[in-house]
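Student:
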Amino acid sequence: MNWRCLGTRPLLALVLLCAIGTSAAAPAPVHLDRSGEKWAASTLRKMTLEEKIGQMIMVWAHVQFLNVDSPEYLQMQEEMRTYHVGGFGITIAGEGGMLVKSQPLEAAQLTNELQKDSKYPLFFAADFERGLSMRLSGATDFPAAMAFGAAGDKELAREFGRISARESRAIGIQWNWFPVADVNSNPANPIINTRSFGADPVTVGELVAAYIAGARGAGLLTTAKHFPGHGDTDTDSHLGLARTTASVDRLNSMELVPFRAAIAAGVDSVMIGHISVPSIEPDPNRPASISSLVVTDLLKKQLGFHGLVVTDALDMGALTRVFSGSDAEISGAEAVEAIRAGNDMVLIPGDLGGAYNGLLGAVKQGKLTQERIDQSVLKILRMKASVGLNRNRFVDLAAVTHEVARPESQAIAQNIADRAVTLVADKNKLIPLTAPTPPTTQLASKSTSQASGLVAVIFSDTARGSEGGRAFVSELRRRAPNATVFYVDGSNSAAVSQNLLTAVNGAARVIAVAESVPSPRRTTQGHASGSVGMDMGPAQLLQNIIDRAGDHTVVAAFGNPYIGSGIAGVQTYVCTFSNTSVSASSLAAALFGEIPIHGHLPVAIPGMANLGVGLDRDSVTARLGALGN
C-alpha cells in the first residue's frame with residue numbers, strides 16, 4: 026500500500042488501519058510456473074480439434090440471478106457443450122438504453138456454476154475500464170481513465186490496478202480488457218475520449234504501465250487496446266470503420282508509444298481494433314483486426330509482442346460491414362481472417378456457430394493448419410495456468426463481502442476523483458462558491474429562483490440524469506438545500522427553456538453540469554459515425570444560459586472535457602473527466618472549497634486551453650460529511 030495516494034486526509038489512514046487483517050488471502054501475482062507449463066502442454070495433447078477451436082472463442086455471459094434450469098443458463102451450457110468455448114465475457118443486460126447492473130455475489134455465483142459445468146477451466150473476462158462498478162452495483166466506484174491523467178500520479182494508476190484485480194478475482198474474473206492504450210489526440214473522437222488517459226503519449230504509456238503492474242501483481246490479466254491506436258479517429262467502430270491517416274513516423278512517435286510501454290510492462294494480451302490504417306495496411310477493406318501486416322508484422326515482429334492477441338468484438342459494425350452473407354457466414358469469415366492475420370482468440374462473434382464452424386472448416390480445408398491452431402491454444406492454456414486455473418477454478422463466495430468495496434478502496438477511489446478535478450478557467454473568481462443563505466419568510470413568497478440564489482442545470486442523455494448526475498444533485502442539496510434544479514435532455518430542452526432561463530435571470534449563481542461520456546453506438550445531431558457531444562437542443566440552451574449569465578455561471582464538464590470548446594463565452598470552466606458518483610462528490614466538494622483543486626488538463630481543449638493547464642485553489646472549509654463527522 027502506498028500511503029501517499031491518500032493525500033492529506035488523516036481519517037482515511039485510520040480506516041485503512043482498521044481494515045488491515047480482515048481481507049481474504051490475495052490471489053498470487055500473474056506467473057506461469059513449471060507445473061502450469063506442464064499442465065498446458067498436457068491439456069493441449071488431450072484436446073480434440075473441436076475442443077481446440079472452441080478455446081479460441083469467447084462469448085457474452087449476462088450477469089443476473091439464474092436458475093440452473095432457466096433458458097438463459099441452459100443456453101450457456103449448450104455453448105460449452107457444443108462449441109467448447111474457452112470462456113465468457115461478463116456483461117449485463119440493457120433496458121431502454123440503460124444498463125441494468127447486477128450484484129457482485131450474483132457474478133461470483135454465475136462464474137462458479139459455469140466453471141463447474143465446463144470440461145476445461147474457463148476464462149472470465151470483462152471490460153472493467155472503471156473497475157467492477159462498470160457493470161456491478163456496490164463495487165468500488167472509480168472515475169474514468171482520463172481522471173488519472175488529470176491527477177498526474179502513476180501510483181494512483183497502480184492502486185487502481187491492484188484494487189480492480191482483487192475485486193475481479195474475488196468474483197471469478199481473471200482477465201480485464203483494460204487498460205486503454207489509445208492516445209486521445211482527436212477532440213472529435215466519439216468513442217475513446219475519457220476512456221483514454223490523455224493526449225500525451227509518454228504520460229499515457231506511464232499510466233498504462235503502472236496499471237498493468239498493479240493489476241498483474243494482484244493476479245489480474247491485462248489487455249492493452251485498441252492496437253495500433255484508436256485515439257486519432259472520428260468514428261465509433263461499433264457503427265462503422267474508423268480510420269487513422271497517421272503516417273508510419275507519426276504512429277511510432279504517438280500511437281505506438283503506450284503499446285510499447287505496455288509490452289515492456291509485461292501486458293498479457295493486446296486487443297486489435299477494427300481500424301483502417303492505410304500507412305500499414307493499404308487494403309481499405311482489411312481493418313487492423315484482420316490484417317497480417319498489422320497483427321503479425323507490426324505487433325509481433327516489429328514490437329516483439331509474444332503474448333495473447335485478441336480481436337475487438339466481432340459483432341461491431343466496423344467489421345461486419347466488410348463481409349457479406351448470412352450472420353453465420355459473416356461470423357465465420359471474420360473469425361477465419363482474424364486467425365489468419367495472427368490473432369489467437371476471437372471475441373464476441375455475432376453468430377457463435379458461424380465462427381466455430383468457419384474455423385473448423387478452414388482447418389479441414391487447409392486454410393489454417395493444425396499447428397497454427399495449436400500455437401494459439403497453447404498460449405491460451407498457458408495464460409489460464411498463469412492465474413492458477415489449472416489448480417483451482419472456483420472462488421469462495423464468502424470472500425466477496427470481504428474484498429469488494431472495502432472502505433480503504435472506496436477512500437482511494439474518492440481521492441483519485443478529488444485530485445482529478447481541474448479548474449480550466451475562472452475569469453471572475455467564482456470558485457469557491459459559498460452556500461446561499463436560506464430564504465427568509467418574505468423571500469419564500471417570491472419566485473423559486475429568487476429564493477434559492479442558486480440554480481443548477483443538469484444536462485444529460487436521460488430525463489432524470491445518470492446515477493452520477495443524481496449523485497451530484499444530492500451532494501448539492503446537502504450544501505444548498507434551496508437550490509433550484511433542472512434536468513435537461515434532448516427530449517425536454519424546448520419545453521423547459523422558458524422557465525429555466527427565467528430562473529437563471531434571477532439567480533446569484535448558476536451551475537451548468539454538462540454530462541457526456543463515450544457510449545457505444547451513440548449518435549447526436551445526425552452524426553451517424555457516433556458522438557460524445559451534447560444534443561443540439563441542450564447545447565443551444567447551454568449557450569443561451571452563458572449568453573445571459575456567463576459572468577456568474579460555472580460550467581462543469583462532467584465527463585467529456587471538450588464540451589466547453591463548442592460553447593462561446595464560458596468564463597468559469599471545471600472538468601471532472603468522469604460522471605461517476607465519486608466524481609459527483611468531488612465536483613460538489615471542489616465547487617464549495619472543501620477540497621483543494623490541483624488537477625491539470627491531460628488533453629488540449631481547442632479554443633479554450635492547452636494541455637497541462639489548471640488553476641490551483643486551496644480548500645477553505647472542511648468537506649461536508651467527511652469521515653468522522
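Count along the sequence shown from 1, then add 25; that gives the number in this note's numbering. From the three backbone atoms N, C-alpha and C, an ideal C-beta is built for every residue, glycine too.
Between L157 and A424, what straight-line distance do the alpha-carbon atoms span, to the nearest angstrom?
Tutor: Approximately 16 angstroms between the Cα atoms of the pair.
Student: Say whether the stretch 595-605 touches the stretch 450-457, bearing in mind that this needs 3 or more beta-carbon pairs closer than 8 angstroms, one atom from each stretch.
Tutor: They touch, by the three-pair rule.
Student: Say whether the stretch 519-537 touches the stretch 168-188, bearing in mind that this needs 3 or more beta-carbon pairs closer than 8 angstroms, one atom from each stretch.
Tutor: Too few Cβ pairs lie closer than 8 angstroms, so no.
Student: Can you tell me whether DSSP reads N654 as helix, strand or coil?
Tutor: Here the model assigns N654 a pLDDT of 37, short of 50, so the residue's position is not dependable and the matter cannot be decided.
Student: Which value, in whole angstroms, describes the spacing of the CA atoms of V638 and R268?
Tutor: Approximately 30 angstroms, taken between the alpha carbons.
Student: Could you tell me the alpha carbon to alpha carbon distance between I483 and I198, rounded to whole angstroms?
Tutor: Distance between the alpha carbons of I483 and I198: 35 angstroms.
Student: If you compare alpha carbons, which of A190, G575 and N209 is closest to W202?
Tutor: Per the Cα distances, A190.
Student: Using the three-state DSSP reduction, which class does R275 fall into: helix, strand or coil?
Tutor: It is helical.
Student: Closest by CA to I620, which one among V334, L448, R285 and G298?
Tutor: Considering only alpha carbons, the answer is L448.
Student: In this structure, what does DSSP give as the bridge partners for L640?
Tutor: DSSP lists L448 as partners of L640.
Student: State buried or exposed for D94, treating a residue as buried only when at least 16 other CB atoms are found within 10 Å of its CB.
Tutor: Exposed is the call here.
Student: Let me make sure I understand the geometry here. Which of V84, M559 and D261 has the alpha-carbon closest to that of G591?
Tutor: Among V84, M559 and D261, the Cα nearest to that of G591 belongs to M559.
Student: From the DSSP output, in three-state form, read off T321 for me.
Tutor: It is helical.
Student: Nearest to A528 by CA position, among E500, A481, L333 and G494, is which residue?
Tutor: Checked all of E500, A481, L333 and G494; the closest Cα to A528 is A481.
Student: If we require 4 or more residues per run, which alpha helix (DSSP H) segments fall completely within the stretch 211-291?
Tutor: Fully enclosed alpha helix (DSSP H) runs of 4 or longer: 226-242 and 281-289.
Student: What are the complete beta strand (DSSP E) segments, minimum 3 residues, inside the stretch 558-644?
Tutor: Runs of the beta strand (DSSP E) inside the stretch 558-644: 578-584 and 597-600.
Student: Can you tell me which of the three DSSP states I297 falls into?
Tutor: In the structure shown, I297 sits in a strand (DSSP, three-state: E or B).
Student: When the Cα atoms are used, what is the spatial distance from S541 to R311?
Tutor: One C-alpha to the other measures close to 32 angstroms.
Student: Got a sec, what are the start and stop residues for the alpha helix (DSSP H) A172 sits in?
Tutor: Looking at the DSSP string, the run of the alpha helix (DSSP H) that includes A172 is A170 to A176.
Student: Helix or strand or just coil, what does DSSP make of L157?
Tutor: L157 falls in the strand class under three-state DSSP.
Student: Quick one, are the C-beta atoms of V579 and G589 less than 8 angstroms apart?
Tutor: No, the Cβ-Cβ distance between V579 and G589 is not below 8 angstroms.
Student: If we ignore side chains and look at the alpha-carbon of each, how far apart do G367 and Y108 end up?
Tutor: Between G367 and Y108, the C-alpha separation is close to 22 angstroms.
Student: Give the range of the alpha helix (DSSP H) segment to which L422 is assigned.
Tutor: Its alpha helix (DSSP H) spans residues L422 to E428.
Student: Are the beta-carbon atoms of Q550 and S556 separated by less than 8 angstroms?
Tutor: Going by C-beta atoms, Q550 is nearer than 8 angstroms to S556.
Student: In this structure, does DSSP put A53 in helix, strand or coil?
Tutor: Residue state, collapsed to three classes: coil.
Student: How is the alpha helix (DSSP H) around E540 delimited, first residue to last?
Tutor: Unbroken run through E540 is the beta strand (DSSP E), R534 to S541; no alpha helix (DSSP H).
Student: Could you tell me which of R546, S294 and A593 sits nearest to N214, measuring between CA atoms?
Tutor: Out of R546, S294 and A593, R546 has the C-alpha closest to the C-alpha of N214.
Student: With 16 other CB atoms within 10 Å as the buried threshold, where does A634 fall?
Tutor: Buried.
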